[in-house]
Amino acid sequence: MLELVKEPLPWTQIELEAVLRSQHRRYHHLHPFHARMNSGDLTPTEVRRWVANRFYYQKSIPLKDAAILSNCADLEVRREWIQRIIDHDGQAEGEGGIEAWLKLGKAVGLSRQELLEDQHVLPGVQYAVDAYVNFCRTRPWIEAVAASLTELFGPDAIRVRLVALEQHYPWIDPAGFDYFRARLHQAPRDAQYALNQVLKHCRTRDSQEKAVQALVFKCNLLWSQLEAIEQGDTRPQEEHRE
C-alpha cells in the first residue's frame with residue numbers, strides 16, 4: 000500500500016519573514032567589487048563601468064514593475080505598486096530615479112548619450128537584467144513581488160556606499176549622489192509593502208518556498224551583474240582601420 004506523502008506545514012508569517020530576511024547573506028553588498036568600492040580602491044574607469052552598467056538595470060526597473068502590474072488582478076495592489084514606476088520615471092522631464100542616475104553618470108564623466116544608448120553595457124549585465132524583466136513578465140505577480148525584496152537589504156548597503164563615495168572619491172560631483180539619498184526613503188517603504196503582500200498571499204508551504212526561491216533568484220542575478228562588472232569587457236576588440 001502506497002503511503003501518502005504529506006505536504007510540509009506552512010511556515011508562520013514570522014517564520015516566513017525570517018527565512019526571507021536570512022537571504023541577506025546572498026545580497027551583493029558582500030561582493031568583492033562592492034568591498035573595493037567601499038574601501039576607496041576602485042579606479043575612475045571601474046567607477047564609470049559600474050555606473051554605466053547599473054544604469055541598464057535602473058532603466059529596466061519600470062519595465063519589470065509594469066510587468067508585475069500587468070499580471071496582478073488586485074486593484075489595491077496596482078494602486079500602490081504604480082508608485083514605483085512614478086518614482087523611477089518621474090511625472091515630468093527632469094524628475095525620477097532614472098534622471099537621477101543620469102546625473103550620477105554626468106558626475107563621473109559619462110554623457111547621457113553613452114548611457115541611454117547602452118554604449119558600455121556588458122553582455123553579462125544585459126543577460127542578467129533581461130532575465131529579471133522576463134521573470135516578472137512570466138511568473139505569478141506575487142513571486143515577482145517576492146523577488147523585489149532585495150530592497151529589504153538595500154538601505155543599509157546604500158548608507159555605507161554613500162559615505163564611501165563621498166569620502167574616497169572626491170573627484171565625483173556630490174550632486175550625482177541624489178539617487179542614493181532618495182532611495183534611503185523610498186526603499187524601506189517599498190520593501191515593507193512588498194513584504195506585507197508576500198506574507199499575506201503566500202499561505203501554503205509551496206507558495207512560500209517559491210517566494211524564497213524568487214528572492215534567491217534576484218540575489219543571484221545582482222551578484223552576476225557585479226561579476227560581469229568586476230571582470231570588465233573581455234571580448235576581442237576590433238582593430239581600428241583607416
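Following numbering that gives the first Met the number 0, the numbering of the sequence shown begins with 0 at its first residue and continues without gaps. We treat Cβ as the ideally placed atom computed from N, Cα and C, and that holds for glycine.
- In the structure shown, residue 157 adopts helical secondary structure according to DSSP, grouped into three states.
- For the alpha helix (DSSP H) assignment, the uninterrupted runs of no fewer than 4 residues enclosed by the stretch 62–132 are, from N- to C-terminal side, 74–88, 96–107, 111–115.
- Here residue 231 carries a coil assignment [DSSP, helix/strand/coil].
- Sorting 155, 87, 212, 91 by C-alpha distance to the C-alpha of residue 144 places 212 at the top.
- As the crow flies, the alpha-carbon of residue 229 is around 10 Å from that of residue 41.
- Sequence-distant Cβ neighbours of residue 194 in its own chain, meaning closer than 8 Å and more than five residues away, are 16, 19, 148, 151.
- Here the alpha carbon of residue 56 sits roughly 34 Å from the alpha carbon of residue 9.
- Cβ neighbours of residue 52 within its own chain (closer than 8 Å, five residues either side excluded): 119, 120, 121, 124, 224, 227, 228.
- Between residue 66 and residue 132, the beta carbon gap of about 7 Å places them in contact (Cβ cut-off 8 Å).
- Sequence-distant Cβ neighbours of residue 202 in its own chain, meaning closer than 7 Å and more than five residues away, are 9.
- Boundaries of the alpha helix (DSSP H) harbouring residue 141: 140–146, taken from the DSSP string.
- Taking the C-beta atoms as reference points, residue 70 is found no nearer than 8 Å to residue 169.
- Annotated three-state conformation of residue 172 is coil, per DSSP.
- A distance below 8 Å between beta-carbons, with the five flanking residues on each side excluded, links residue 155 to the following residues of its chain, in chain order: 28.
- Measuring C-alpha to C-alpha distances from residue 157 to each of 13, 36, 24, 22 identifies 36 as the nearest.
- In the three-state reduction of the DSSP assignment, residue 30 falls in the coil class.
- Residue environment: residue 142 is assigned as buried (16 or more neighbouring CB atoms within 10 Å of its CB, all protein chains considered).
- Here the alpha carbon of residue 103 sits roughly 48 Å from the alpha carbon of residue 7.
- Assignment of residue 43 by DSSP, reduced to helix, strand and coil, places it in the helix class.
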